[in-house]
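For reference, the structure discussed in these notes is given below.
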Amino acid sequence: MIAIGSDHGGLNLKNEIKLFLIKKNIQVKDYGSCSEESVDYPDYGHDVARAVASGECEKGIIICGTGIGISVSANKVPGIRAALCTDAYMARMSREHNNANVLALGGRVIGAGLALDIVDTWLSSKFINEGRHRKRVSKIDDIEKKYLKEK
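204 is the number that the working numbering gives the last residue of the sequence shown; the numbers go up by one with no jumps.
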């Protein structure tokens, strides 16, 4: 299952992505927002990230106006590797090299056609779980663990 969430700036793109996923027979859990009223992106980034980190959902997709704020918020949740992607190459690399488990997009930055291509590429790409890629992701995990222990 894919968790999806957005603030008001990503609402329209979120709805397009949601329909795209449903048409591909992919289960989606929508964490909001559901209106164009101004809301706070950290709330939605956190909800999606928590669902992924807990194992409730396999992956997550988050959208705000630029994708920056919501990805920063999601990355505060331990175990989350949210990647802001603006093209399919970045999406593929975020999965293959960084094992990103949350995709962040900017609803005011990219159009629906490009976003759907990014989502499709991201979902079909797999982590290269060996060699330098495994080593580097392990280092990311170690950094996170270090700061969690210091609290």
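Just so it is clear, CB atoms sit at the ideal spot from N, CA and C, and this is done for glycine as well.
Residue i: which of the options sits nearest, CA to CA?
i: lysine 112; options: Tyr94, Asn152, Glu183; result: Asn152
i: alanine 106; options: Arg134, Met146, Tyr97; result: Arg134
i: methionine 146; options: Asn65, Met54, Val190; result: Val190
i: serine 88; options: Leu74, Asp100, Lys67; result: Lys67
i: isoleucine 79; options: Met54, Gly63, Leu201, Gly132; result: Met54
i: lysine 198; options: Gly132, Ser126, Asn65; result: Gly132
Return yes when the C-beta of residue i is under 7 Å from any heavy atom of the ligand MN, and no when it is not.
i: aspartate 96; result: You won't find the ligand MN in this model; it holds no ligand whatsoever.
Residues bridged to residue i by DSSP?
i: cysteine 117; result: Gly159
i: alanine 56; result: Lys82, Gly113
Excluding the 5 residues preceding and the 5 following residue i in the sequence, name in chain order all residues of the same chain whose CB lies nearer than 7 Å to its CB.
i: glutamate 90; result: His61
i: tyrosine 97; result: Gly58, Ser59, Asp60, Tyr84, Gly85, Ser86, Ile115, Ile123
i: valine 130; result: His99, Ala102, Arg103, Ala106
i: valine 92; result: Asp60, His61, Ser86
What is the DSSP secondary structure of residue i, counted as helix, strand or coil?
i: isoleucine 133; result: coil
i: aspartate 112; result: Here the sequence assigns lysine to residue 112, which means aspartate is not the residue at that position. If DSSP states are grouped into helix, strand and coil, lysine 112 belongs with the strands.
i: isoleucine 196; result: helix
i: serine 191; result: helix
i: serine 88; result: coil
i: aspartate 170; result: helix
i: phenylalanine 73; result: helix
i: glycine 63; result: helix
i: serine 124; result: helix
i: lysine 179; result: coil
Please tell me whether residue i has its Cβ less than 8 Å away from any Cβ of chain C.
i: lysine 112; result: Absent from the structure: chain C. Only one protein chain is present.
In chain order, what residues of the same chain lie with their CB nearer than 6 Å to the CB of residue i, ignoring the 5 residues before and after it?
i: leucine 169; result: Phe73
i: glutamate 149; result: Ser178, Ile181
i: threonine 119; result: Gly159, Val162
Might you give, ordered along the chain, the residues of its own chain that have their beta carbon closer than 8 Å to the beta carbon of residue i, omitting 5 neighbours on each side?
i: leucine 156; result: Lys112, Gly113, Ile114, Ile115, Ala135, Ala136, Cys138, Ala144, Ser147, Ile171, Val172, Trp175
i: glycine 108; result: none
i: alanine 127; result: Gly98, His99, Val101, Ala102, Gly113, Ile115, Ile133, Ala135, Val155, Ala157
i: isoleucine 82; result: Checking the displayed sequence, the identity of residue 82 turns out to be lysine instead of isoleucine. For lysine 82, where only same-chain residues beyond five positions count, the Cβ hits under 8 Å are Met54, Ile55, Ala56, Ile57, Ala104, Glu109, Cys110.
Round the Cβ separation of residue i and residue j to the nearest angstrom and send it over; I've been treating them as touching at under 8 Å.
i: cysteine 110; j: alanine 56; result: 4 Å
i: glycine 141; j: glutamate 69; result: Looking at the sequence shown, residue 141 is not glycine but alanine. That belief does not hold up - the Cβ atoms of alanine 141 and glutamate 69 are roughly 16 Å apart, past 8 Å.
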